[in-house]
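Numbering (our numbering), first residue to last: 7 to 458.
Don't be surprised by glycine CBs; every beta carbon is placed ideally from N, CA and C.
Here is the structure:
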């Protein structure tokens, strides 16, 4: 901090500190008066109207319930990690604001509103408000007294304005960079879906089939196998709109080629790494792959010994939220591990199906559509049982072609994953650079100006 900048309690610089009101009934259709809530202050420190709610204008017919251009909007109630978000309101429509927000007006002769909003939002980033909030059951709050006690660096007003101008420019550049990186991430997701689609319908191996015209399909071998292994069930197959497939692909069901299909353990994972073995859960399946960054452990016993995973076992998430149920991944870790009851382990007959190919199918657009068709919805979760999974339609290329598909698709997906990690690292760098600029600004290292 500049030694010639005094640090002043914020309350000494304010002319108004006014909370909003609870809206009661509101709508999203644009009928009535805009009513700004905590989610309308973005983590970037700007007003975000993408999730706007509207209320009866009669609820905000008093001036103290409305915002004006130049008001600072402070989020006084939220989760501990979000309480304290701040933005300056700069529009002319004079909306209402929630009781979870506080309208701040300052003495403009001593404190610039844009400088104040940036300083408070930076303090939120640094965790100042999380350290000074009152914690309730599921929320945290910042009272007026705490807000007024906030120690703010007070350079001359013209320096404050110069700092605010510079921070706005930095934020604009950061938002632009983040937007480009977000678009790149979306394109990578689209590319990943395209690779999965091409893998599942044979487009990745059209040249291979031309070079190997005598390769036999699995149809005859499956026809001999099915009467021995088909399970009796009252479940019926859903009508899934299947893609057009090459002539050498055979339409089977997942159960036709499964050697093992079983649920995991329901034991509590209350052991440590030293006393137990990892038990994979639904959270360990991310993007069609296993994420081993957050493991839980269970003491090993006879049941867990039976449920230890082998290389190539496919894990299917049978219970989750409606949009996530049915995700899957193939186990390929070197460390001994088991799996929890919300997962189903499928081990395939090696002469018919590669687990990696089936995993591509489950995570493809057709696999996701199938999951939505067969899931059973509960209060907050959906379920797909093992019987339904066994009946899932499964197009199978010849085993030799499956190997080529897996080789080519895995190479393309690995390249996309590397690019994804680089883009994610770029996003972190942008945000880190932005915060470094803010920190320098409030230490007096960004704007060269002498106090009068």
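Taking the beta strand (DSSP E) that residue i falls in, what are its first and last residues?
i: residue 334; result: 334 to 336
i: residue 107; result: 107 to 112
i: residue 221; result: From DSSP, residue 221 is part of no beta strand (DSSP E); its letter is neither H nor E.
i: residue 505; result: In this structure the chain extends from 7 to 458, so residue 505 is not present and cannot be described.
i: residue 14; result: 13 to 15
i: residue 250; result: Unbroken run through residue 250: none, as it is neither H nor E.
i: residue 431; result: No beta strand (DSSP E) contains residue 431, which is instead part of the alpha helix (DSSP H) from 405 to 448.
i: residue 258; result: 256 to 259
i: residue 331; result: Premise fails: residue 331 is in no beta strand (DSSP E) and is neither H nor E.
i: residue 92; result: 92 to 94
i: residue 324; result: Neither: residue 324 is in no beta strand (DSSP E) and is coded neither H nor E.
Just mark residue i as buried or exposed, buried being the case when its beta carbon has 16 or more other beta carbons within 10 Å.
i: residue 67; result: exposed
i: residue 343; result: buried
i: residue 317; result: exposed
i: residue 13; result: exposed
i: residue 435; result: exposed
i: residue 242; result: exposed
i: residue 61; result: buried
i: residue 83; result: buried
i: residue 415; result: buried
i: residue 266; result: exposed
i: residue 30; result: exposed
i: residue 16; result: buried
i: residue 362; result: buried
i: residue 186; result: exposed
i: residue 315; result: buried
i: residue 428; result: exposed
i: residue 124; result: buried
i: residue 250; result: exposed
i: residue 106; result: buried
i: residue 104; result: buried
i: residue 395; result: buried
i: residue 59; result: buried
i: residue 377; result: buried
i: residue 21; result: exposed
Measure from the alpha carbon of residue i to the alpha carbon of each residue in the options, then state which is nearest.
i: residue 11; options: 144, 290, 87 and 165; result: 165
i: residue 255; options: 271, 227 and 275; result: 227
i: residue 231; options: 358, 271 and 396; result: 358
i: residue 88; options: 64, 112 and 135; result: 135
i: residue 32; options: 92, 102 and 77; result: 102
i: residue 450; options: 20, 159 and 109; result: 159
i: residue 97; options: 90, 76 and 447; result: 76
i: residue 409; options: 383, 364, 392 and 453; result: 364
i: residue 19; options: 432, 286 and 161; result: 161
i: residue 259; options: 401, 54 and 53; result: 401
i: residue 443; options: 173, 283 and 157; result: 173
i: residue 289; options: 217, 302 and 277; result: 302
i: residue 420; options: 403, 48, 72 and 201; result: 201
i: residue 132; options: 90, 380 and 300; result: 90
i: residue 412; options: 203, 374, 261 and 432; result: 203
Quick one: Cα of residue i to Cα of residue j, how far?
i: residue 50; j: residue 155; result: 24 angstroms
i: residue 223; j: residue 45; result: 55 angstroms
i: residue 191; j: residue 116; result: 44 angstroms
i: residue 475; j: residue 292; result: Nothing can be reported for residue 475: it is not among the residues displayed for the chain, which extend from 7 to 458.
i: residue 6; j: residue 418; result: Any answer about residue 6 is impossible in this case: the structure gives the chain only from 7 up to 458.
i: residue 309; j: residue 271; result: 8 angstroms
i: residue 440; j: residue 177; result: 7 angstroms
i: residue 346; j: residue 41; result: 45 angstroms
i: residue 257; j: residue 423; result: 30 angstroms
i: residue 320; j: residue 352; result: 5 angstroms
i: residue 331; j: residue 305; result: 27 angstroms
i: residue 274; j: residue 350; result: 17 angstroms
i: residue 446; j: residue 339; result: 45 angstroms
i: residue 236; j: residue 263; result: Residue placement at residue 236 is flagged as unreliable, the pLDDT there being 48, under the threshold of 50; the coordinate-derived value follows with that caveat. Distance between the alpha carbons of residue 236 and residue 263: 9 angstroms.
i: residue 384; j: residue 327; result: 9 angstroms
i: residue 80; j: residue 138; result: 15 angstroms
i: residue 268; j: residue 392; result: 7 angstroms
i: residue 113; j: residue 179; result: 30 angstroms
i: residue 244; j: residue 198; result: 26 angstroms
i: residue 127; j: residue 120; result: 11 angstroms
i: residue 448; j: residue 149; result: 24 angstroms
i: residue 397; j: residue 367; result: 14 angstroms
i: residue 57; j: residue 34; result: 8 angstroms
Throw me the rounded Cβ distance for the residue i and residue j pair, which I believe falls under 8 angstroms.
i: residue 369; j: residue 324; result: That pair is no contact at about 15 angstroms.
i: residue 341; j: residue 284; result: 7 angstroms
i: residue 404; j: residue 221; result: 5 angstroms
i: residue 109; j: residue 26; result: 7 angstroms
In the DSSP assignment, the alpha helix (DSSP H) including residue i goes from what residue to what residue?
i: residue 163; result: 163 to 206
i: residue 287; result: Looking at the DSSP string, residue 287 is not in any alpha helix (DSSP H), and its letter there is neither H nor E.
i: residue 361; result: 361 to 369
i: residue 121; result: 119 to 132
i: residue 265; result: No alpha helix (DSSP H) contains residue 265, which is instead part of the beta strand (DSSP E) from 264 to 269.
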